[in-house]
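Here the sequence shown stands for residues 51 to 501, numbered as in the working numbering. By construction, the Cβ of each residue, glycine as well, lies at the ideal position given by its N, Cα and C atoms. None of the values given here were measured: they were computed from a predicted structure. This report refers to the structure that appears directly beneath it.
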Amino acid sequence: MLKVNDTITYTARDYANAETVGVYDDTTVFVPQMIAGECARVRIDYVGRGVAYGSVKEILTSSPARVQPVCEHVGKCGGCVLAHMRYSEQLRFKQNKVRSVLRKIGGLDIDVPPCMPSPLPLGYRNKLSLPVRGRRGNVQVGMFERNSHRVVPTARCALGGDWAETLVSDFVEFCNRYGVEPYNERTFKGVIRHLTGRYVDGQLLVTAVVNGETDTDWSSLVQSLSSRFDRFGVFVNINTAHNNVILGKVTRHVSGIEYIEGEQCGVKFRLRPDSFFQVNDGVKDMLYACVREQLDLSETEVLVDCFSGIGLLTNTLACPRFDTYAIEIEPSAVRDARDMAELNGTPRLVNVCGDVTTELPKIVAANSGKRMTAVVDPPRKGLNPALYDTFRQAAPDCIVYISCDPATLARDIAALSDAYEVAYVQPYDMFPQTDQVETVVRLTHRKEEIC
Ligand SMILES: C[S@@+](CC[C@H](N)C(=O)[O-])C[C@H]1O[C@@H](n2cnc3c(N)ncnc32)[C@H](O)[C@@H]1O
């Protein structure tokens, strides 16, 4: 019987999320930071009913897919859990993950193609949200340790670019020099909870998430950023909630630009700090191109883009031949979406601010009898089960589902399998070095032969 602190010789048989899984003495053992096929001396850290978790003491047989991680914090920081794998192995891991989750949760035996690589396996993130902890005069900004709320101070994160390193160092220096107090999660005291930076098309938006109203004078932060960035804006977001949600409801502009302005995928856009925007520009472009390819809109009378964000994808799909509805719950994103429709003169597009679960049935009722096509791109929790009946009733010819969590994707497509079959699956590596994977699925109505 395994006990905590035992040392065992462990062989990693397969992957289970970011960990490897093996069996020792009839106990299923999970060990991170290994590669399937490797053998290691492992210390047991936790034993539960029939399962145990361990950590590597020494790799005995190393896989050819093992590499030296580029960041010294790997293993400690909860970010890059796959950084010990060669990039080709990371892609194999993600292909496998989608295939096995679709099978285990969705009961779907689907041949999943290789995961499409990111053009940049490192330095790809256009947004970082970092907790701010420590003490007055010794502020720490970084990532949380895996399964903990201890911050690993990270001067340079391998996932952000040079912009992030510059921002973090200026921000820490500002807090320390002016005695700004970081947040304390136990006492709920202190001022700064998080630092968020977004850098798109050479423009930076910085948001300091603060624990209530503050008289902090931001001018020297603004001054130091102005010597490093041509176009930037500083914002304060107020969050007094005693929970893990990063942003509160109120964001105030402090200085500089109020939004990022640019043109991507042939669409002019404005992006405010609170709105969702895909974090990996290169993969976003590939993903949107894939969605456009998968949608045959030739017979469509109504297109509905659910969970549409600021609407970059929606604007590339909208067309004078049919009505397009975009549904998004976040008011700041809908504001960006309405600006976008105006900037681009997008035809027949209605931007609806609200919950897809309540707004989609209204759109379906108002367009009864028309041929419909849908795109859904929900957050990790997937679709609200109430939407299954809405889709059955609306019976769009095809639904293109963009998912950032294969588990909820599998649950949703299994729930809709009486009406829809999976016609196409393609994983994308939106988040290299992490165990997260983005997947595009085309669901075709069983009455239809071609979407
Ligand atoms: C994964 S993002 C997708 C955004 C967009 N498709 C894109 O590519 O930029 C999910 C979006 O859904 C929005 N959202 C979350 N829950 C929602 C709901 N119940 N109803 C409508 N929108 C929601 C979020 O604010 C976010 O903008």
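- In three-state DSSP terms, what is Asp-405? coil
- Compute the minimum distance between the beta carbon of Pro-429 and the heavy atoms of ligand 3, and state whether it is under 8 Å. Of the ligands one can find in the structure shown, namely ligand 1, none is ligand 3.
- C-beta contact flag for Val-259 and Ile-310 at 9 Å: no
- Task: Determine, using beta-carbon pairs with one atom in the region 113 to 126 and one in the region 201 to 215, whether at least three such pairs fall under 8 Å.
- Result: yes
- Assigned secondary structure, Thr-59 (DSSP; H/G/I helix, E/B strand, else coil): strand
- Message: Can you check which of these residues, Ala-102, Cys-127 and Cys-89, is closest to Ile-109 by C-alpha distance?
- Response: Ile-109 has its Cα closest to that of Cys-89, out of Ala-102, Cys-127 and Cys-89.
- Excluding the five sequence neighbours on either side, which residues of its own chain have a C-beta within less than 6 Å of the C-beta of Val-300, listed in chain order? Correct list, in chain order: Ile-288.
- Using alpha carbons as the reference points, say which of Val-222, Ser-198, Asn-197 and Asp-355 lies closest to Thr-204. Val-222
- Message: Let me check one thing: in DSSP terms, what residues is Pro-232 bridge-paired to?
- Response: Ile-242
- Query: Of the residues Ala-102, Leu-254, Gly-247 and Thr-266, which one's Cα is nearest the Cα of Ser-2?
  - Reply: Coverage of the chain is limited to positions 51 through 501, which leaves residue 2 absent and any answer about it impossible.
- Closer than 8 Å: is that where the CB of Phe-279 sits relative to any heavy atom of ligand 1? Exclusion of Phe-279 from the 8 Å shell around ligand 1 follows from its C-beta lying no nearer than that to any non-hydrogen atom of the ligand.
- Item | Residues bridged to Phe-285 [DSSP beta-bridge criterion] | Thr-257 and His-303
- Query: Where does Tyr-22 fall in DSSP's three states?
  - Reply: Here the chain comprises residues numbered 51 to 501, so residue 22 is not present and cannot be evaluated.
- Query: Quick one: what's Phe-319 bridged to in DSSP?
  - Reply: Gly-312
- Along the alpha helix (DSSP H) that carries Cys-225, what are the first and last residues, could you check? 212 to 227
- Gln-140 - DSSP class collapsed to helix/strand/coil: helix
- Message: Could you pull the DSSP bridge partners for Leu-393 from this structure?
- Response: None, per the DSSP bridge assignment.
- Item | Helix, strand or coil at Ala-339 [DSSP, three-state] | DSSP places Ala-339 in helix when its eight states are reduced to three.
- Uninterrupted beta strand (DSSP E) stretches inside the region 342 to 376 (no shorter than 3 residues): 352 to 356
- Task: Return the Cβ separation of Val-414 and Thr-396 in integer angstroms, given the expectation that the two are a contact with Cβ distance under 8 Å.
- Result: Not a contact, Cβ separation roughly 22 Å.
- Query: Is Glu-380 near ligand 1, in the sense that its beta carbon is under 8 Å from a heavy atom of that ligand?
  - Reply: yes
- Helix or strand or just coil, what does DSSP make of Asp-331? DSSP, read as helix, strand or coil, puts Asp-331 in helix.
- Message: I'd like to know whether the C-beta atoms of Pro-114 and Tyr-137 end up nearer to each other than 9 Å.
- Response: no
- Task: From the DSSP output, in three-state form, read off Lys-147 for me.
- Result: helix
- Quick one: what does DSSP say Gln-83 is sitting in, helix, strand or coil? coil
- Message: Need the endpoints of the beta strand (DSSP E) that Ala-424 sits in, please.
- Response: 422 to 426
- Message: Once DSSP output is grouped into helix, strand and coil, what is the label at Val-131?
- Response: coil
- So the alpha helix (DSSP H) Ala-464 belongs to, where does it begin and stop? That run of the alpha helix (DSSP H) goes 456 to 465.
- Please classify Pro-323: is it buried, with 16 or more other beta-carbons within 10 angstroms of its beta-carbon, or exposed? buried
- Message: Quick check on this structure: which residue in Pro-482, Glu-263, Pro-428 and Glu-313 has the alpha carbon closest to the alpha carbon of Phe-168?
- Response: In the sequence on display, residue 168 carries Ser and not Phe. Out of Pro-482, Glu-263, Pro-428 and Glu-313, Pro-482 has the C-alpha closest to the C-alpha of Ser-168.
- Item | Under 9 Å between C-beta atoms of Leu-18 and Leu-459 | There is no way to answer for residue 18, as the model of the chain reaches only from 51 to 501.
- Task: Check whether the region 274 to 289 touches the region 160 to 167, taking contact to mean three or more Cβ pairs, one atom from each stretch, closer than 8 Å.
- Result: no
- Message: When you compare the CB positions of Leu-18 and Val-272, do they come within less than 9 Å of one another, or not?
- Response: With the chain covering 51 to 501 only, the question about residue 18 has no answer from this structure.
- Task: Return yes when the Cβ of Ile-85 is within less than 9 Å of the Cβ of Asn-55, no when it is not.
- Result: no
- Run through DSSP, which three-state label would Pro-381 get? helix
- Message: Could you check whether the Cβ of Thr-407 sits closer than 8 Å to any heavy atom belonging to ligand 1?
- Response: It does: the Cβ of Thr-407 is within 8 Å (strictly closer) of some heavy atom of ligand 1.
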